[in-house]
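Student:
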Amino acid sequence: MPHIRKFSQAHTYIFAFTTALIAIALLYISNFFMSKSNGRLDYNLNGIITYLVPLIFVFVIYVSITNIKYVTFNKKGILKGFFLGWPFMCLGLYNIIGLFRGPIPLSSPRIEKIFFFTIIMVLVGIFEEFLCRGIILNSLVNKLNSTKAGLIKAVILSSFIFGLGHLVNLIVSPNLIISTLSQIIYTTLHGILFAAIYLRCKNIWSVVLLHAVYDWLVKVSGIFHAVSISATPVDISPLLGIVNILFALPFALVGLFLLRKVAIENIDKSVSTIKSM
35 MPHIRKFSQA
45 HTYIFAFTTA
55 LIAIALLYIS
65 NFFMSKSNGR
75 LDYNLNGIIT
85 YLVPLIFVFV
95 IYVSITNIKY
105 VTFNKKGILK
115 GFFLGWPFMC
125 LGLYNIIGLF
135 RGPIPLSSPR
145 IEKIFFFTII
155 MVLVGIFEEF
165 LCRGIILNSL
175 VNKLNSTKAG
185 LIKAVILSSF
195 IFGLGHLVNL
205 IVSPNLIIST
215 LSQIIYTTLH
225 GILFAAIYLR
235 CKNIWSVVLL
245 HAVYDWLVKV
255 SGIFHAVSIS
265 ATPVDISPLL
275 GIVNILFALP
285 FALVGLFLLR
295 KVAIENIDKS
305 VSTIKSM
């Protein structure tokens, strides 16, 4: 679809924000309708179907501004991505250790529950990385890549859009104001590291799998808890919100450090060749 590619080049900022807005809106609308299924579908199957329409939209836009060959799974750079993403792995493993050492009773979930949970985490990784790094970051890099400062600006702006997408959580839980605001900031900081890893590895699947594994490690506790922690979400304190942000700050610093060895060469007006020096 050449008109989409031309629009992304001529109106990059509008394209980036609009694409993110539409993708997130589709995800929210899909989730809303699936939640109204009244138990006609399995809960885990609901989670998978929720991502189908948003993923189709993201893939169509991604292929329109790049090339369909970049959607094909490529194992090159996967291990490098996990190596460079060591802060995510450390935090994820810390969460696993805390899961088994915590005071909350644990249950033994069924294999199919773990399977569906894993599939959903992979879909989350695909959706967020193809949207935020594959589409938004690439578009901004193509516009701002003339200098190192421009590259950093593209990384920070795309990461901010990634973080801002979590603002939709206020629609579901309007009482979680501090939790959501702190999440916007710390996911922005996380996004800087994801972006740097993508630029260093030159393979979108390196960050897709890293993102999926990280989310799995930090969220898997929910399927092992024998009892519900809280029926109604409770907002965190301002102090805890600040602590969450401070813990995420090193992620951004590592990301900026990794960017020092990234150079950009445009082989045409729509696709960036990312080359590690």
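Residue numbers (this note's numbering): 35 to 311.
Think of the CB as a built atom: it goes at the ideal place given N, C-alpha and C, for glycine as much as any other residue.
Can you name the residues that DSSP bridges to Ala246?
Tutor: Translated into positions along the sequence shown, residue 246 becomes position 212. Note: Ala246 sits in no beta bridge, so no partner.
Student: Looking at C-alpha atoms only, which residue of Ser180, Tyr248, Val206, Leu157 is the closest neighbour of Leu86?
Tutor: Translated into positions along the sequence shown, residue 86 becomes position 52. Checked all of Ser180, Tyr248, Val206, Leu157; the closest Cα to Leu86 is Leu157.
Student: According to DSSP, is Val206 part of a helix, a strand, or is it coil?
Tutor: If you number the sequence shown from 1, residue 206 lands on position 172. Three-state DSSP puts Val206 in a helix.
Student: What is the residue span of the alpha helix (DSSP H) that Arg234 lies within?
Tutor: Here the question's residue 234 lines up with position 200 in the sequence shown. Here the alpha helix (DSSP H) through Arg234 covers 211-235.
Student: Consider the Cβ of Pro121: report whether some Cβ of chain D lies at a distance smaller than 9 Å.
Tutor: Judged by its chain identifiers, the structure shown contains no chain D, having just a single protein chain.
Student: Is it buried or exposed, Asn101, if we count other Cβ atoms within 10 angstroms and call 16 or more buried?
Tutor: The sequence position of residue 101 within the sequence shown is 67, counting from 1. Exposed is the call here.
Student: Apart from the five residues just before and just after Phe116, which ones in its own chain have a Cβ nearer than 7 Å to its Cβ?
Tutor: For the purposes of this step, residue 116 is identified with residue 82 of the sequence shown, where counting begins at 1. Closer than 7 Å at the Cβ level, and outside the excluded window around Phe116, lie Met123, Leu244.
Student: Assuming Ile169 contacts Thr84 (C-beta within less than 8 Å), just tell me the rounded distance between them.
Tutor: The residue labelled residue 169 in the question sits at position 135 within the sequence shown. The residue labelled residue 84 in the question sits at position 50 within the sequence shown. Contact flag wrong, Cβ pair sits at about 20 Å.
Student: Spatial neighbours of Pro272 within its chain, please: C-beta separation below 8 Å, excluding the five flanking residues on both sides.
Tutor: Working through the sequence shown from its first residue, we reach residue 272 at position 238. Within the same chain, Pro272 has close Cβ partners Ile212.
Student: Grab me the residues of Asp302's own chain with a C-beta within less than 7 Å of its C-beta, minus the 5 sequence neighbours each way, in chain order.
Tutor: Along the sequence shown, one-based indexing puts residue 302 at 268. Note that Asp302 has pLDDT 35, beneath the 50 cutoff, so the model's placement of it is unreliable and the number below is only indicative. Cβ neighbours of Asp302 beyond the five flanking positions: none.
Student: Pair every Cβ in the segment 173-181 with every Cβ in the segment 196-203, then say whether three or more of these pairs are closer than 8 Å.
Tutor: Result no; under three Cβ-Cβ pairs closer than 8 Å.
Student: Can you find the residues in the same chain that come closer than 8 Å, C-beta to C-beta, to Ile38, ignoring five residues on each side of it along the sequence?
Tutor: Here residue 38 is taken as the residue at index 4 of the sequence shown, counted from 1. Cβ neighbours of Ile38 beyond the five flanking positions: Ile95, Ser98, Ile99.
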